[in-house]
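Visitor:
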Amino acid sequence: MMDKQATLAYRNARQALAGATIETLQNALKVMENTIIERGGELATPLVNDTAMAAYQAKVAQYMQINDDDKSNKQLINEITYYDTIAGDNIADLLGLIEDYPIFDEPLITKINDLVETYEATAQD
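Numbered according to the UniProt record's numbering, the sequence shown spans residues 1 to 125.
1. Contact defined as beta carbons within less than 8 Å: I believe residue 56 pairs with residue 91. What is the distance between those atoms, to the nearest angstrom?
2. How long is the line joining the alpha carbons of residue 16 and residue 37, rounded to whole angstroms?
3. So the candidates are 33, 48, 47; which of them puts its Cα closest to the Cα of residue 41?
4. Going straight from the alpha carbon of residue 111 to that of residue 24, what length do you get?
5. Should residue 61 go down as buried or exposed, given a rule of 16 or more other Cβ atoms within 10 Å for buried?
6. Do residue 86 and residue 21 come within 8 Å of each other at the CB atom, strictly closer than that value?
7. State the start and end residues of the unbroken alpha helix (DSSP H) segment that holds residue 12.
8. Give the secondary structure of residue 116 by DSSP, where H, G and I count as helix, E and B as strand, and everything else as coil.
9. Check the C-beta distance from residue 27 over to residue 108 and give it rounded, since I have them as a contact under 8 Å.
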């Protein structure tokens, strides 16, 4: 079992990772939008979903309403689980995109691979 400081540090790392995966997924979807338009296609709706980002930011704000010192271990584990889920889902989406669509440049692919590495390296049982 981690002490509270280690748990908080881990939570902060997972929160940062979740945020980075959201940003990267939005960037990848923007590349897809631009590619579709460049190739003469049309978008019925934008691929970048601001609703998902707003929901994430609302959840983070909700978590921040309680001071970290006042949070129980269970509350911190719930936060970590949320951030892990967001990061994992977004990474799965990103890996699917780069597998299905050969339109992404090397820096974006490298960024995605770095996110995967961070996600797997710091995952805890």
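For glycine and all other residues, C-beta sits at the position ideal for the given N, C-alpha and C.
Guide: In short, the structure shows the following:
1. Their Cβ separation, rounded to whole angstroms, is 15 Å, which puts residue 56 and residue 91 out of contact at 8 Å.
2. About 32 Å.
3. The option with the nearest alpha carbon to residue 41 is 33.
4. Their Cα atoms are separated by approximately 8 Å.
5. When all chains shown are included, residue 61 counts as exposed.
6. Against a cut-off of 8 Å, the Cβ pair of residue 86 and residue 21 comes out as a contact.
7. Counting along the chain, the alpha helix (DSSP H) containing residue 12 begins and ends at 4 to 38.
8. DSSP places residue 116 in helix when its eight states are reduced to three.
9. About 7 Å separates the Cβ atoms of residue 27 and residue 108, confirming a contact at the 8 Å cut-off.
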